[in-house]
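Presented below is the structure to which this report refers.
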Amino acid sequence: MTLDKLLDTTHSANTYHPLLKSIETTSSYELVLALSLHADPNLPWCSLENANLVKSIMSNFDYQPYIPQLIRHFKSSSKRIQRTALNKHISLGEENLGVISQAWFLVDYAYTQEICILAMLLVVDVLTTYSVPGKIQGFKLLSHLPELHHPLLPQVRSAASKCLVHVPPITPIAHSLPLLEEAYHWVYKLNQTTPDYIQTIATILSTINTPARPFLLQQLSKYTRRVSTDVFISTSKIFYALNNILVSLDITPEEVALALTIQNDIINLNHKFVLTYAYDFIGAWSILSRRHPGKFADQLKRNISSLQKLANNNDIDTLCTYIAI
């Protein structure tokens, strides 16, 4: 009866805690199946305490004879793998978070390259078809893997990149930020080429005027530093977005600091091409300084100094005197 109750994952973690504590470790496949649904501490019906109980129970009996049957169950009832000469894809049908816990469990107790591949294929499907909470769990499963199967990395990157559009109003900010934090972390990690990073920067710029702006500015700073001088491919759009942010009426001090820092980082790449935007910088900085007298003086002085050093031009020096610092 206890095992039957553990198979029903519609309750809170508190419901399952006494059930897990009361389990007698008489080895059986049914026990392994039930425990596999409570191994991932991140899922709604799970907890770290319950996951630790699962570990304790698993350490008290020989579960290896039941692992092959659990893997077969994982394959047959939770997913369908379509194989062609060129790709592999998992289709899960309706959303099922339980399969994520089973994948987590198999990573812990039966890890092989096959399990790695199955888990990554599962992640690809979760990231492309599940709800926002499900996608977050998919990323957590990805982080749980001790290694990644390299041939599947392009599929995972593509699926992760699709999560970057979940900004308000498409997704409420309370759900958007946790997903974006996971997605941007993994996209950064999985990007392989400069065009990959430039593509991600374009996505940031297309979504930056949303309530997620502080976080997206942090990401823009991270990504522009990563591409270094290759950022000049996108400077027009980057500077346009940053200058608009600096002169907006609803900007926060954090956003000002981030926008000015990104501008300064790019100016300090010491490429004369940046001077194309010198007058735009000065105009935005002048408006910012007069709208918020003295508030951002140190940051503005830093940017002005960098621009003057790059320009080495009397006209630029004169125009900078109109910035109220």
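Take my numbering: the final residue in the sequence shown is number 331, and no numbers are missing along the way. Note that the Cβ used here is the ideal one computed from N, Cα and C, for glycine as well.
(request) Enumerate in chain order the residues of its own chain whose CB-to-CB distance from Ser295 is below 8 Å, with the five nearest sequence positions on each side excluded. (result) To locate residue 295, count along the sequence shown from 1; it is residue 289. Result list for Ser295: Phe302, Ala303, Leu306, Ile329, Ala330, Ile331, in chain order.
Determine the burial state of Lys315: buried for a count of at least 16 other Cβ atoms within 10 Å of its Cβ, exposed for fewer. Residue numbering aside, residue 315 sits at position 309 when the sequence shown is read from its first letter. Its Cβ having fewer than 16 others within 10 Å, Lys315 is exposed.
**Prompt:** Considering only residues of the same chain and omitting the five flanking positions on each side of Ile214, which have a CB-CB separation below 8 Å?
**Reply:** Mapped onto the sequence shown, residue 214 falls at position 208. Result list for Ile214: Leu222, Leu223, Leu226, Ala247, Ile251, in chain order.
Check: Should Phe111 be labelled buried (16 or more other beta-carbon atoms within 10 Å of its own) or exposed?
Finding: The residue given as residue 111 occupies position 105 in the sequence shown. Counting Cβ neighbours within 10 Å, Phe111 comes out buried, since at least 16 surround it.
Quick check: the stretch 177–188 against the stretch 132–150, are at least 3 beta-carbon pairs closer than 8 Å? Put simply, the stretch 132–150 touches the stretch 177–188. At least three CB pairs are less than 8 Å apart.
Problem - Between the CA atoms of Phe287 and Arg308 - distance to the nearest angstrom - result: For the purposes of this step, residue 308 is identified with residue 302 of the sequence shown, where counting begins at 1. For the purposes of this step, residue 287 is identified with residue 281 of the sequence shown, where counting begins at 1. Taking C-alpha positions only, Arg308 is separated from Phe287 by approximately 13 Å.
### Query
With 16 as the cutoff for other CB atoms within 10 Å, does Arg86 come out buried or exposed?
Within the sequence shown, numbered from 1, the residue matching residue 86 stands at position 80. Confidence in Arg86 is poor, its pLDDT being 44 and thus under 50, which makes the residue's placement unreliable; the coordinate value appears in the next sentence. So Arg86 ends up on the exposed side.
Whether Val129 touches Thr177 by CB criterion (7 Å):
For this step, residue 129 is matched to residue 123 along the sequence shown. For this step, residue 177 is matched to residue 171 along the sequence shown. Inclusion of Val129 and Thr177 in the CB contact set at 7 Å is not warranted, their separation being larger than that value.
Inset, instruction - Name the residue from Ala166, Ala57, Ile73, Thr216 whose alpha carbon lies nearest to the alpha carbon of Asp131. - result: Position 125 of the sequence shown, counted from the start, is the residue given in the question as residue 131. Ranking the options by Cα distance to Asp131, first place goes to Ala166.
By DSSP, does Glu260 sit in helix, in strand, or in coil? Numbered from 1 along the sequence shown, position 254 holds the residue referred to as residue 260. Three-state DSSP puts Glu260 in a helix.
ask   = Assuming Glu143 contacts Leu43 under a Cβ cut-off of 8 Å, what Cβ separation, rounded to an integer in Å, is found between them?
value = Your numbering for residue 143 matches position 137 in the sequence shown. Your numbering for residue 43 matches position 37 in the sequence shown. A quick correction: the sequence has Gln, not Glu, at residue 143. Contact flag wrong, Cβ pair sits at about 13 Å.
Q. Short check: CB of Ile268 to CB of Ser312, under 7 Å?
A. Translated into positions along the sequence shown, residue 268 becomes position 262. Translated into positions along the sequence shown, residue 312 becomes position 306. No, the pair does not count as a contact, with Cβ atoms beyond the cut-off.
When DSSP labels each residue in this structure, what does His17 get in the three-state scheme? What you label residue 17 is simply residue 11 of the sequence shown in a count that begins at 1. Residue state, collapsed to three classes: coil.
Identify whether Asp68 lies in helix, strand or coil by the three-state DSSP scheme.
-> Translated into the one-based positions of the sequence shown, residue 68 becomes position 62. Of the three classes helix, strand and coil, the one that applies to Asp68 here is coil, per DSSP.
What alpha helix (DSSP H) runs, 4 residues minimum, are completely inside the stretch 134–221?
Correct list: 138–150, 159–167, 179–196, 200–213.
- Item | DSSP three-state assignment for Thr31, whether helix, strand or coil | Reading the sequence shown from its first residue, position 25 is the one you call residue 31. Of the three classes helix, strand and coil, the one that applies to Thr31 here is coil, per DSSP.
Quiz prompt | Test item: CB-CB of Phe80 and Ser33 under 7 Å | solution = As a position in the sequence shown, residue 80 is number 74, starting the count at 1. As a position in the sequence shown, residue 33 is number 27, starting the count at 1. With respect to Ser33, Phe80 sits apart: the two C-beta atoms are not nearer than 7 Å.
Under 8 Å by Cβ, that's how I've got Cys169 and Lys141 pegged, so tell me the actual separation to the nearest angstrom.
As a first step, residue 169 is located in the sequence shown; it is residue number 163 there, counting from the start. As a first step, residue 141 is located in the sequence shown; it is residue number 135 there, counting from the start. That belief holds up - the Cβ atoms of Cys169 and Lys141 are roughly 6 Å apart, short of 8 Å.
| query | Between Cys52 and Asn249, what straight-line distance do the alpha-carbon atoms span, to the nearest angstrom? | reply | Numbered from 1 along the sequence shown, position 46 holds the residue referred to as residue 52. Numbered from 1 along the sequence shown, position 243 holds the residue referred to as residue 249. C-alpha separation (whole angstroms): 46 Å.
Next on the checklist: Less than 8 Å between C-beta atoms, sequence neighbours within five positions excluded: which residues of the same chain meet that for Ser28?
Outcome noted: As a first step, residue 28 is located in the sequence shown; it is residue number 22 there, counting from the start. Residues of the same chain with a CB within less than 8 Å of the CB of Ser28, apart from the 5 flanking positions on each side, are Thr8 in chain order.
Checklist line | Collapsed DSSP secondary structure at Asp114 in the structure displayed | finding: Residue 114 sits at position 108 when you count from the first residue of the sequence shown. Residue state, collapsed to three classes: helix.
Please check the pair Ser240 and Ala218, which I expect to be a contact at CB under 8 Å, by giving their CB distance rounded to whole angstroms. As a first step, residue 240 is located in the sequence shown; it is residue number 234 there, counting from the start. As a first step, residue 218 is located in the sequence shown; it is residue number 212 there, counting from the start. The pair is not a contact, with the Cβ atoms about 19 Å apart (cut-off 8 Å).
Notebook entry, point to check: Under a Cβ-count criterion, where at least 16 other Cβ atoms within 10 Å of its own Cβ denotes burial, should Arg231 be classed as buried or exposed?
Noted result: As a first step, residue 231 must be located in the sequence shown, where it is residue number 225. Here Arg231 is exposed, its C-beta having fewer than 16 other C-beta atoms within 10 Å.
Exercise. Counting Cβ pairs, one atom from each stretch, are 3 or more of them under 8 Å apart for the stretch 155–163 and the stretch 113–126?
Worked result: These segments touch.
If you draw a straight line from the C-alpha of Gln205 to the C-alpha of Lys228, how long is it?
-> Stepping through the sequence shown from its first residue, residue 205 is reached at position 199. Stepping through the sequence shown from its first residue, residue 228 is reached at position 222. If I take the Cα positions, the gap works out to 14 Å.
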